[in-house]
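Below is one structure, written out as structure tokens; comments come after it.
There are 2 protein chains.
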Amino acid sequence: MRIVVALGGNALLQRGEKPDAVPQIEHVRAAAEALAPIAEQHELIVCHGNGPQVGMLALESENDPALARPYPLDALVAQTQGMIGYWLAQCLRNAGVTKPVLSIVTQTLVDPEDPAFRTPTKFIGSVYDPWTARQLAELHGWTIAPDGERWRRVVPSPEPQRIIEQDSITQLLRHGAVVVCGGGGGAPVTADATGGLHGVEAVVDKDSTAAMLAIAVHADRLLVLTDVPAVLADFGTPQQTPLRSIGLDELAGRHFAAGSMGPKIAACGRFVAVTGGQAAIGALDDAAAVLNGAAGTAITGGVANHG
Amino acid sequence: MRIVVALGGNALLQRGEKPDAVPQIEHVRAAAEALAPIAEQHELIVCHGNGPQVGMLALESENDPALARPYPLDALVAQTQGMIGYWLAQCLRNAGVTKPVLSIVTQTLVDPEDPAFRTPTKFIGSVYDPWTARQLAELHGWTIAPDGERWRRVVPSPEPQRIIEQDSITQLLRHGAVVVCGGGGGAPVTADATGGLHGVEAVVDKDSTAAMLAIAVHADRLLVLTDVPAVLADFGTPQQTPLRSIGLDELAGRHFAAGSMGPKIAACGRFVAVTGGQAAIGALDDAAAVLNGAAGTAITGGVANHG
Numbered sequence: 001m002r003i004v005v006a007l008g009g010n011a012l013l014q015r016g017e018k019p020d021a022v023p024q025i026e027h028v029r030a031a032a033e034a035l036a037p038i039a040e041q042h043e044l045i046v047c048h049g050n051g052p053q054v055g056m057l058a059l060e061s062e063n064d065p066a067l068a069r070p071y072p073l074d075a076l077v078a079q080t081q082g083m084i085g086y087w088l089a090q091c092l093r094n095a096g097v098t099k100p101v102l103s104i105v106t107q108t109l110v111d112p113e114d115p116a117f118r119t120p121t122k123f124i125g126s127v128y129d130p131w132t133a134r135q136l137a138e139l140h141g142w143t144i145a146p147d148g149e150r151w152r153r154v155v156p157s158p159e160p161q162r163i164i165e166q167d168s169i170t171q172l173l174r175h176g177a178v179v180v181c182g183g184g185g186g187a188p189v190t191a192d193a194t195g196g197l198h199g200v201e202a203v204v205d206k207d208s209t210a211a212m213l214a215i216a217v218h219a220d221r222l223l224v225l226t227d228v229p230a231v232l233a234d235f236g237t238p239q240q241t242p243l244r245s246i247g248l249d250e251l252a253g254r255h256f257a258a259g260s261m262g263p264k265i266a267a268c269g270r271f272v273a274v275t276g277g278q279a280a281i282g283a284l285d286d287a288a289a290v291l292n293g294a295a296g297t298a299i300t301g302g303v304a305n306h307g
Numbered sequence: 001m002r003i004v005v006a007l008g009g010n011a012l013l014q015r016g017e018k019p020d021a022v023p024q025i026e027h028v029r030a031a032a033e034a035l036a037p038i039a040e041q042h043e044l045i046v047c048h049g050n051g052p053q054v055g056m057l058a059l060e061s062e063n064d065p066a067l068a069r070p071y072p073l074d075a076l077v078a079q080t081q082g083m084i085g086y087w088l089a090q091c092l093r094n095a096g097v098t099k100p101v102l103s104i105v106t107q108t109l110v111d112p113e114d115p116a117f118r119t120p121t122k123f124i125g126s127v128y129d130p131w132t133a134r135q136l137a138e139l140h141g142w143t144i145a146p147d148g149e150r151w152r153r154v155v156p157s158p159e160p161q162r163i164i165e166q167d168s169i170t171q172l173l174r175h176g177a178v179v180v181c182g183g184g185g186g187a188p189v190t191a192d193a194t195g196g197l198h199g200v201e202a203v204v205d206k207d208s209t210a211a212m213l214a215i216a217v218h219a220d221r222l223l224v225l226t227d228v229p230a231v232l233a234d235f236g237t238p239q240q241t242p243l244r245s246i247g248l249d250e251l252a253g254r255h256f257a258a259g260s261m262g263p264k265i266a267a268c269g270r271f272v273a274v275t276g277g278q279a280a281i282g283a284l285d286d287a288a289a290v291l292n293g294a295a296g297t298a299i300t301g302g303v304a305n306h307g
């Protein structure tokens, strides 16, 4: 089978942990051990998140007194692709993957007319008191928005249209490589009238990129692996229960949006609707069980099974 | 022909320039325009330097109050591979390269017994007064050394033994891709007794990595492109003259070491001696002319021509 895994950035650096290298490498090692058996038996693409990592690098760049301006987001996303891609390739190999593992720096094409550019919604970087947030917004030209009681920078999160390196990625898979790509959703670029590519100040949702790539490479499965074991029905209530599956027919009716689960379910739904393939959401530690349906929540084209 | 180009990090950010993104993208664009005709006509691997970039990221990491420890050099080198690899891939395409361009995050195997680990010599990051340098050395466990009248951190620069992703790189070339790899010499790793790979605190010279890779992939040419038009005989004297060629027989006898020219000449000499191929050193802007022998300094296996 050809499988695309979307690996949560928070699975690589958990809330409350310092953004040091050592704990991240430990998490990447655990992720690689969970994915290694899948990589050996199947064709595997790994797309990873980068939320905490790009936030750290953005903050370092803002505070660097040597710079006239902080680095743009496309360049920072590319930095995280280098670092996390390096760790993943190394750890997959160390976890026993005998195939070549290649981390590809990836550009994701987005539409300059995407409404996300008019309404930035994706939080990035630190939280600030309202006064500091306004000062920083003025200094750097940021859009800011409240995140709970404090304020943060928000950036556009346009829909991915195409991964520029897509054909080469497919070719690498065919030749037996494991491919790490689309990290942090890919470095966002737009095309000008002559086809020239230019980075833009945005971040692309990595689950959306993974779903788009899974459709493009004709994957059989999309696995969205995170730090929770399943999608919960009635999330946040005393009645919350893990779902074994969600049918496409249910996606519109239910409200799963709490936290970051909404976009994950939507990405899986898109893949299932377009390809008729299977998608699932579950815990990284349960990767093999999520793949074979013994754990996690399946998103299916058919009638849901809430058994 | 199969060609490996080593692209100087200083060609991407010149001395005295602020390490901002904008001037670097301009330099990458110029580099891509010089390399595009070669990429279209030949099989091309581009290895780029990262001195100024890894120095900037190291300093940002040292000064990041959120971190318990600064990031290790292997992870920082990988970050620069992501960023510069992204810029190069994008700009090569924008400069008219119709082949796919892939930037590969690269690991370079080094020997843990390399004498460089006992005697670090490679300067990295900022210059400091002696007192500050000693404080930082104590804080971070650095080795420091004088650089002119001021002091800097020095790190080991071991010889590259092998690029872990080498076989896939050859395969990509065969399938018509332009490959950007070995950035900053590659993220340095050592292998343990079971073959597991682990990052180390070191940087590998990118010209050495390019020469080693050129030998491994059976390249026909190695081009070391930098910001000077040729190797100078009697460098720094009123008699200094550009050399059209240097024969292998002359490498031992002459003294070219001033600046960073010594390692470039040595890398070219190694490639020529092992493969019988041709190597040349010259200005990035003259890339096509350096390739066909009309500019730059050729390092040849035969008798030198100082015409």
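Chains A and B supply the protein sequences, listed in that same order.
Quick note: the first sequence uses my numbering, first residue 1, plus one each step.
Quick note: the second sequence uses my numbering, first residue 1, plus one each step.
Just so it is clear, CB atoms sit at the ideal spot from N, CA and C, and this is done for glycine as well.
- Counting only runs that start and end inside the region 82–150 of chain B, the alpha helix (DSSP H) elements of at least 4 residues fall at 130–140.
- Of the candidates Ser-157/B, Ala-30/B, Gln-135/B, Gly-16/B, the residue whose Cα lies closest to the Cα of Leu-73/B is Ser-157/B.
- Remark: C-beta atoms of Leu-88/A and Val-54/A do not approach each other more closely than 7 Å.
- Contact between the region 200–216 of chain B and the region 191–204 of chain A is absent: fewer than 3 CB-CB pairs across the two stretches fall below 8 Å.
- The Cβ-Cβ distance between Arg-162/A and Leu-92/A does not fall below 7 Å.
- The Cβ-Cβ distance between Leu-7/B and His-42/B does not fall below 7 Å.
- Scanning the region 170–205 of chain B from its first residue to its last, the whole beta strand (DSSP E) runs of 3-plus residues come out as 178–180, 187–191, 197–199.
- By a beta-carbon distance limit of 8 Å, Ala-233/A does not contact Leu-222/A. Their separation comes to about 21 Å.
- Residue-level contact check: Gly-82/B touches chain A, since one or more beta carbons of chain A fall below 7 Å from its beta carbon.
- As computed with DSSP, Pro-242/B is found in a beta bridge with Leu-232/B.
- Taking each of Ala-36/B, Val-22/B, Arg-15/B in turn and checking the Cα distance to Leu-284/B, the smallest one comes out for Ala-36/B.
- Within the same chain, Cβ atoms closer than 6 Å to the Cβ of Thr-300/A are found at Ser-245, Gly-247, the five residues on either side in sequence being excluded.
- For the pair Val-180/B and Val-46/B, the CB atoms are nearer than the 7 Å cut-off.
- Taking Ala-68/B as reference, the option from Asp-20/A, Val-4/A, Gln-79/A, His-27/A with the minimal CA-CA separation is Asp-20/A.
- Apart from the 5 residues on each side of it in sequence, Gly-282/B sits with its Cβ closer than 7 Å to the Cβ of Leu-225, Pro-229, Ala-230, Val-290, Ala-295, Gly-296, Thr-297 in its chain, given in chain order.
- Annotation: the continuous beta strand (DSSP E) that includes Gln-278/A extends over 278–283.
- Contact of Ala-78/B with chain A is assigned, a C-beta pair being separated by under 7 Å.
- The C-alpha of Thr-275/B lies about 10 Å from the C-alpha of Ala-211/B.
- For Arg-93/B, the C-beta contacts it makes with chain A under 7 Å involve Leu-197, in order along the chain.
- Within the region 57–72 of chain A, those residues whose Cβ lies closer than 8 Å to any Cβ of chain B are, in chain order, Leu-57, Leu-59, Glu-60, Ser-61, Asn-63, Asp-64, Ala-66, Leu-67, Ala-68, Arg-69, Tyr-71, Pro-72.
- For Lys-18/B, the closest of Asp-64/A, Pro-242/A, Gly-195/A by C-alpha to C-alpha distance is Asp-64/A.
- DSSP, reduced to helix, strand and coil, places Thr-209/B within a helical segment of the structure shown.
- Asp-220/A and Ser-260/A have their C-alpha atoms spaced approximately 24 Å apart.
- Between Gly-186/B and the set Ala-58/B, Met-56/B, Gln-79/B, Arg-134/B, the nearest pair of CA atoms involves Gln-79/B.
- Considered as a whole, the region 15–76 of chain A harbours 21–41, 51–62 as its complete alpha helix (DSSP H) runs of no fewer than 4 residues, in chain order.
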